[in-house]
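Notes to accompany the following structure.
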Amino acid sequence: MQNTLQQISIYGRLLGAVFYYEPNDARLTDILTFFRQPNWMQEWEISFDVKIHKKITALIEKGLQQNITEQYQYLFIGPNELPTPPWGSVYLDPECVIFGNSLLALRDFLQQHQIAFQTQQDEPEDHIGLMLMLAAYLAENRPHLLIKFLREHFLTWAYHFLEQLSKIENSDFYQALALLTIKALQQWQVDLHINVPTVRFYR
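Just so you know, full-length UniProt numbering puts 158 at position 158 of the sequence shown, and the rest follows in order with no gaps.
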């Protein structure tokens, strides 16, 4: 259990930051430097089969030679319609909107347990990056809440979003990030014996 909590702390913060912050943000400098190392996967504690290992390393190597700021803008900012919006309620709400019912349920959870965190402007808290960083925070400070958070508020939609993102062409770095995150979440789910309820996706 302690090893899993430590892993969630490390990779929740790392993966969450890369999803949440723009690539030119100073908070990503060390993380992107890490991914530029030729042998970074040797330091990655979550194992992969050989085929996925090769795919991810190739995508990251190719992606970091591209304009990832442009890719981030296309995927997560706009101005055009986003191919894979990074907010959970877009997939869980019948109207496919941000600030949907699943976000309200998450806010109830946060308020009930007196958890507050800063978002950029008035952004919904169910952003994939924020949710990963929240998992890290819970692993570090409130581990008794972690399973409930993952089971009821995050794993319900995270795989669905990440699988869509992993298929978006011309976004190699973020395709790799999606595959890395899927594997991490799968590992945590197994380690923590979490059964995720089946939900309906509207997008």
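All residues carry an ideal CB built from backbone N, CA and C; glycine is no exception.
To which residues does DSSP link residue i through a beta bridge?
i       : result
Leu-127 : According to the sequence shown, residue 127 is His rather than Leu. According to DSSP, His-127 bridges with Trp-87.
Short of 6 Å in beta carbon distance, which residues of its chain neighbour residue i, apart from the five on each side in sequence? Order them along the chain.
i       : result
Leu-59  : Asp-172, Gln-175, Ala-176
Leu-162 : Ala-178, Thr-181, Ile-182
Glu-43  : none
Ala-135 : Ile-8, Gly-12
Pro-143 : Leu-5
Taking all protein chains shown into account, do 16 or more other C-beta atoms lie within 10 angstroms of the C-beta of residue i, making it buried, or fewer, making it exposed?
i       : result
Ser-47  : exposed
Glu-95  : exposed
Pro-86  : buried
Gly-78  : exposed
Phe-76  : buried
Val-18  : buried
Phe-34  : exposed
Ala-26  : exposed
Ala-184 : buried
Ala-158 : buried
If we ignore side chains and look at the alpha-carbon of each, how far apart do residue i and residue j end up?
i       : j       : result
Ile-68  : Pro-23  : 7 Å
Phe-201 : Glu-140 : 31 Å
Tyr-74  : Asp-30  : 23 Å
Leu-104 : Phe-154 : 13 Å
Ile-128 : Gly-88  : 7 Å
Lys-167 : Leu-64  : 18 Å
Thr-156 : Val-196 : 6 Å
Leu-5   : Gln-37  : 26 Å
Leu-138 : Leu-145 : 7 Å
Asn-3   : Glu-61  : 29 Å
Tyr-72  : Leu-132 : 17 Å
Leu-110 : Thr-198 : 22 Å
Leu-150 : Asn-80  : 31 Å
Pro-83  : Gln-112 : 33 Å
Asp-122 : Lys-51  : 41 Å
For residue i, which residues from the same chain have a beta carbon less than 7 Å from its beta carbon, with the 5 sequence-adjacent residues on both sides left out?
i       : result
Leu-180 : Leu-15, Ile-56
Gly-100 : Ser-89, Leu-92, Asp-93
Gln-187 : Ile-46
Leu-106 : Glu-125, Asp-126, His-153
Which same chain residues end up closer than 8 Å to residue i when comparing Cβ atoms and leaving out the 5 residues on each side of it in sequence?
i      : result
His-53 : Met-41
Fully enclosed by the stretch 42-70, which beta strand (DSSP E) runs are 3 residues long or longer?
List check, beta strand (DSSP E) in window: nothing returned.
In chain order, which continuous runs of the beta strand (DSSP E) of length 3 or greater are located wholly inside the stretch 120-176?
Secondary structure remark: continuous beta strand (DSSP E) runs of at least 3 residues inside the stretch 120-176: none found.
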